[in-house]
Amino acid sequence: MRKLALTLALCLAVTPASAAVPVATKTAAKKSTKKPATKTATKAAKKSSPKKTTVARKKRPRVPVVAVSPQVRHVAFQAVSARAAAPTGTLEGAGALVPFFEQVSHPPTSGSLHILQYGDSHTASDDWADEMRQALQRKFGAGGPGFTLAGHPFLGYRRFDSRGANSRGWYTDGIVTRKGDGVYGLGGVSLTAHAPGQTVTLSAECQQLELHYLQQPGGGQLEFSVDGQAVDTISTDGESADGIYHYTPAPGPHQYTLRTLNAAPVRLFGWVAQNQSGVTYETLGINGAQADLQLEWNPSILEGEMADRDPALIVLAYGTNEALSKKWTADEYRAALTQVVRRLRAVAPVASILLIGPPDCEYRFQGRRLPFPHLDEVIEIQRQVALANGCAFWDWRARMGGPGSVRQWVQAGLGQGDYTHLTSAGYRLIGDMLFSELMAQYDRFLTVRAERADGQ
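In C-alpha cells form, the structure reads like this:
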C-alpha cells in the first residue's frame, strides 16, 4: 500500500505549449437518431461581450475537517491505515470482470482501452478516480484523458488530467437542478449557446482529439483554434445526429478553443483526448445524481456515443443520494437500477460492469449523528442487482470499516465534516484500495488462465 495515497493530492493541470502545425480531418457525423432534438435550452443565454475572457474555475465549497486532538487523529489514522492494508473480500462477483481482464491482458493493436465511471459527487471530484487512473496507466500505459465534458459545466466538476473552461453565455443541461430534453451525450451533460463569441476551451495532451456535439437542423458554426491559431470552421447544421469532429494534434500539450460564430444554437457534449494505446479512465459524475438519472438520457444519442467509446469496463458509483432521499422506496429503486444496468448492457455488450456501493455516511438530526436512513437497503439492493445481472459489486462502506466507520475517517482527517464526503487524501486512499483489490483479482485471472493453458 503506497503511503503516497495517504497524503493530500496535488491538483494537476496541463499547460498549453507553443502553437504547432495543425492537421485536421473532415467533420464526421453518425447516422441520424431515431428522434430529432425536440427542445432547446429552456432559458435564454445571457449575451456577453466578445471581449469577455473565459470563466475561471469556480472554487468548490469545502466542508472543514473536524478539529480533534493530535493524539485522537494519530490513533484514528493508524487504525484506518491498518484496515486499508489488510486483505479483504469486498469485491464480489469478480467473474463478471473476466471480459475486462481479457481485454487488458490482450490490448488492441491500435487504440486505447476505455474505462467509464458514472456516479455522483464522489465521482465528479475526480480524486479517487484519478488515483485509479494513475495506477492503471502506470501498469497498462497512459491512454490520455479520454472523454471529458465540455467546458466546466457545473460547480464541483473536475478532471486532474485535463482542464476545461467556458465563457458565461453557455447553458448547462443534464445536471440535477437543470433537467432538459435528455439529449446530453455520453456524460449526461451538455452545454448550449445561442449567441456569437461564446468560447469553450480544453487544455490537454493527446495524440487524437475529437469534439462531440449535437448536429441539428439550423445548428450554428464554431471556429476551432489550437494555441490561439484558427484551424478550421465546424458546422453543426444538419440532420439530427451525434456529430464528431476529428483532429490530429502535433505532439505535446495544447489549448483547444471553440468560438461560436453566429446566434444559431450550438450544443456540445464533450471532448475525447486520447492516445493510440494505453488505458483511459473517464470520470462522468454529476453532483446530486441518482442512478435513475440515466433513464432520462436520449437512448439513440447514448447508443451512438457509447458505440464510439466501446468501453472495456463501466463503473457505476451511485447510492449516497438515494440513501437520503425522502421519496425512496425499495421496489422502485430495485426496478430502476435493474433498468439502468440492462440498458448499459444493451448499448455496451462487450463491457464488464462494476457496481460500487456508497460509503458510510451520517447526518445530524436533533443533535445526534445518524446513518443515512436507507443506506443498508441501498447497499443490499445494489449487491443483489449486480450479481443477478452478471456484474461485479464492491462494498465501499464495508471496505471503510462498516457502519459508523466514517467517524474514524473524519477523526483521521480523511473524511470531511459533513460525514458524507471524504477529503482528497481519503478519496485517494479509497482509489488505492479498490485498485489493489482489482489487481488481486486480475492476478488470479492470469494464474487460472496459465494453469488451464498448461493443462491442455
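Under my numbering, the residues of the sequence shown are numbered 1 to 456, in order.
All C-beta atoms in this analysis are idealised placements derived from N, C-alpha and C, irrespective of residue type, glycine included.
- Taken through DSSP and simplified to helix, strand or coil, G304 comes out as helix.
- Between the region 100 to 107 and the region 396 to 415, the count of C-beta pairs closer than 8 Å stays below three; the two stretches do not touch.
- Around the beta carbon of S69, a 10 Å sphere encloses fewer than 16 other beta carbons of the protein chains shown; the residue is thus reported as exposed.
- The residue among G141, F445 and R83 with its C-alpha nearest the C-alpha of N275 is G141.
- Around the beta-carbon of L446, fewer than 16 other beta-carbon atoms lie within 10 Å, marking it exposed.
- Fully enclosed beta strand (DSSP E) runs of no fewer than 3 residues occupy 368 to 371 and 392 to 394 of the region 365 to 398, in order along the chain.
- Y157 carries a coil assignment under DSSP once its states are collapsed to helix, strand and coil.
- By DSSP's assignment, P253 forms a beta bridge with E205.
- Annotated three-state conformation of N321 is helix, per DSSP.
- Counting along the chain, the unbroken beta strand (DSSP E) around D173 starts and ends at W170 to D173.
- Where W328 is concerned, there is no enclosing alpha helix (DSSP H), because DSSP gives it neither an H nor an E.
- Between V66 and G426, the C-beta spacing is not below 9 Å.
- Among the bridge pairs identified by DSSP, T199 is matched with R259.
- In this structure, DSSP gives D418 a state outside helix and strand, which the three-state scheme calls coil.
- Secondary structure note for Y442: its alpha helix (DSSP H) is the uninterrupted segment S424 to G455.
- Ranked by Cα distance from T283, the options M132, P99, E451 and A453 are led by M132.
- The criterion of a C-beta distance shorter than 9 Å is satisfied by A336 and D292.
- Contact fails between the region 163 to 176 and the region 230 to 238, because fewer than three Cβ pairs, one in each stretch, are under 8 Å apart.
- DSSP, read as helix, strand or coil, puts T233 in strand.
- The three-state secondary structure of A165, taken from DSSP, is strand.
- Residue burial is scored here from C-beta neighbours: T329 has fewer than 16 other C-beta atoms within 10 angstroms and is therefore classed as exposed.
- About 6 Å separates the beta carbons of T320 and D120, which is inside the 8 Å limit, making them a contact pair.
- Contact between G180 and H212 does not hold, since their C-beta atoms are separated by about 17 Å, which reaches or exceeds 8 Å.
- Beyond the five residues adjoining it in sequence on each side, L344 comes within less than 7 Å, by CB distance, of I314 and I353 in the same chain, given in chain order.
- Boundaries for V68: no beta strand (DSSP E) harbours it, and the DSSP string shows neither H nor E there.
- Annotation for W128: the continuous alpha helix (DSSP H) segment containing it runs D127 to F140.
- Between A388 and the set G151, Q78, V341 and E362, the nearest pair of CA atoms involves V341.
- The shortest C-alpha to C-alpha distance from Q215 to any of T199, R259, L438 and T192 is the one to T192.
- For R267, the secondary structure class from DSSP, reduced to helix, strand or coil, is strand.
- With the rule of 3 Cβ pairs closer than 8 Å, the region 85 to 105 does not count as touching the region 364 to 380.
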